[in-house]
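Notes follow once the structure below has been shown.
There are 2 protein chains.
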Amino acid sequence: MDSSLVKLRSRLEVYKAMTDGGNIADCPVRDVIQGLNGKSSSLLTAALAEQPYRFGELRRLVPDISQRMLTQTLYDLQRDGYVHREVFPTKPPSVEYSLTELGRSMFDALQHLLQWAENNHDAVREARAGFDAAGLNPGG
Amino acid sequence: MDSSLVKLRSRLEVYKAMTDGGNIADCPVRDVIQGLNGKSSSLLTAALAEQPYRFGELRRLVPDISQRMLTQTLYDLQRDGYVHREVFPTKPPSVEYSLTELGRSMFDALQHLLQWAENNHDAVREARAGFDAAGLNPGG
DNA sequence: AGTGCTGGTCTCTTTTTGAGACTATCACCC
DNA sequence: GGGTGATAGTCTCAAAAAGAGACCAGCACT
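The following block contains the structure:
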């Protein structure tokens, strides 16, 4: 674990140098992670890691996403190479979305964070509650 | 790896049930990950995982973030329990931000994704380039 | 001919983000 | 004793992103 911290230091300097240079696209974190930052990107990737899904299925699976955002998020995931989109000439035509190899590889890394979120959801909620309560009564 | 896929299926169903029920806050992915989705949250967490930093230092470390967003992102990270904020009554007063235990734990999970981003930055860029090129010339 | 399914797009409104001017306090310098 | 610089922010205005939901087009079924 300490060794990863050592690696981290140099990595951070790389990030800094790159953003410092002006070209943000050269910073992997900004460039890659930002593409995953959509409000439902993680969830959709998780769904597609399970199995391929069609547009309408994804919509039902993640009901609080608007069609517009679902379209756009899938488009972005496809553009970044995580998702494959295939149109079947049925009547009416159906569209199937699936994870590419790159997408599956990315999801393997993302999964750690999803797992953490699940394990620590309560801790985060408690932190929020405590913070808000303290904020309302700052007069110590 | 396959066993994690099995776990995933049931997990996804939990997500679905929870968003389906209407209360999005009960879905760990939406609730936790969304708090990390800020454009620079990952980068700031990475910086603070290295060592504590002061406000101005963070601003210089991540130059393309506005003061306003830096303030707000740090506030959000603090509220979710990842970051500790300490004011020192120097003249002028200085404020130091550091990772809490929870934040460090979260970063351990996040780090996989950061590492992946670094390793696969080129692949993502190529995917984008290929997608855009194909999009301009769709007539097959 | 009307209804439903498919996978979207278009418009309008609200929310989020970005850029950057402005605040307040105190040490230092002249 | 007044201007300058450092600290860590806040405030306002403009632009970008996201959400809600109406609308579109093609075809099967009735």
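Top line first, the protein sequences correspond to chains A and B.
One rule links them: number in my numbering = place in the first sequence (from 1) + 130.
One rule links them: number in my numbering = place in the second sequence (from 1) + 130.
Just so you know, even glycine gets a beta-carbon here, dropped at the ideal spot from N, CA and C.
| Query | Result |
| --- | --- |
| Tell me the residue span of the alpha helix (DSSP H) that contains Ser-172 (chain A). | 171-180 |
| Could you name the residues of the region 244-266 of chain B whose beta carbon sits closer than 9 angstroms to any beta carbon of chain A, in the order they occur along the chain? | Leu-244, Gln-245, Trp-246, Ala-247, Glu-248, Asn-249, Asn-250, His-251, Ala-253, Val-254, Arg-255, Glu-256, Ala-257, Arg-258, Gly-260, Phe-261, Asp-262 and Gly-265 |
| Would you mind telling me which residues of chain B sit closer than 8 angstroms to Pro-182 (chain A), beta carbon to beta carbon, in chain order? | Result: empty, since nearest Cβ-Cβ is about 14 angstroms, beyond 8 angstroms. |
| Comparing alpha-carbon positions, which option in A:Asp-252, A:Glu-180, A:Glu-248 and A:Ala-239 lies nearest Ala-247 (chain B)? | A:Ala-239 |
| Could you name each continuous alpha helix (DSSP H) segment of 4 residues or more that falls completely within the region 182-228 of chain B, going from the start of the chain to the end? | 185-191 and 197-209 |
| Give the single residue among B:Phe-261, B:Thr-220, B:Arg-215 and B:Met-199 whose Cα lies nearest to the Cα of Ser-261 (chain A). | Before going further, note that residue 261 (chain A) is Phe rather than Ser in the sequence given. Checked all of B:Phe-261, B:Thr-220, B:Arg-215 and B:Met-199; the closest Cα to Phe-261 (chain A) is B:Arg-215. |
| Please classify Asp-210 (chain B): is it buried, with 16 or more other beta-carbons within 10 angstroms of its beta-carbon, or exposed? | buried |
| Determine the direct distance from the alpha carbon of Gly-165 (chain B) to that of Met-199 (chain B), and round the result to whole angstroms. | 14 angstroms |
| Using CA atoms only, rank isn't needed, just tell me which of B:Ala-257, B:Arg-160 and B:Val-213 is closest to Gly-233 (chain B). | B:Val-213 |
| Is Glu-226 (chain B) closer than 8 angstroms to Arg-184 (chain B) when the C-beta atoms are compared? | yes |
| Measuring CB to CB, does Leu-204 (chain A) end up less than 8 angstroms from Leu-243 (chain B)? | no |
| Please list, in chain order, all residues of the same chain as Leu-191 (chain A) whose beta carbon is under 6 angstroms from its beta carbon, the five residues on each side excluded. | Ala-177 |
| Given a threshold of 16 other Cβ atoms within 10 Å of its Cβ, counted over all protein chains shown, does Asn-249 (chain A) qualify as buried or as exposed? | exposed |
| Going by C-alpha to C-alpha distance, which of A:Ser-172, A:Gly-168 and A:Val-162 sits closest to Pro-158 (chain B)? | A:Ser-172 |
| Any Cβ of chain B within less than 8 angstroms of the Cβ of Arg-160 (chain A)? | yes |
| Using a Cβ-Cβ cut-off of 8 angstroms (strictly less than) and excluding sequence neighbours within five positions of Arg-189 (chain B), which residues of its own chain qualify? | Ile-195, Gln-197 and Leu-200 |
| Pick out whichever of B:Ser-170, B:Val-162 and B:Glu-256 has its Cα sitting closest to the Cα of Lys-169 (chain A). | B:Val-162 |
| So, with DSSP's three-state summary, where would you put Asn-249 (chain A)? | helix |
| May I ask you to list, following chain order, the residues of the region 202-215 of chain B that have a beta carbon less than 9 angstroms from some beta carbon of chain A? | Gln-208, Arg-209, Asp-210, Gly-211 and Tyr-212 |
| Shortest alpha-carbon distance to Leu-229 (chain A) belongs to which of A:Asn-167, A:Arg-160 and A:Gln-181? | A:Gln-181 |
| To which residues of the same chain is Asp-206 (chain B) closer than 7 angstroms at the C-beta, ignoring the five residues directly before and after it? | Gly-165 and Gly-168 |
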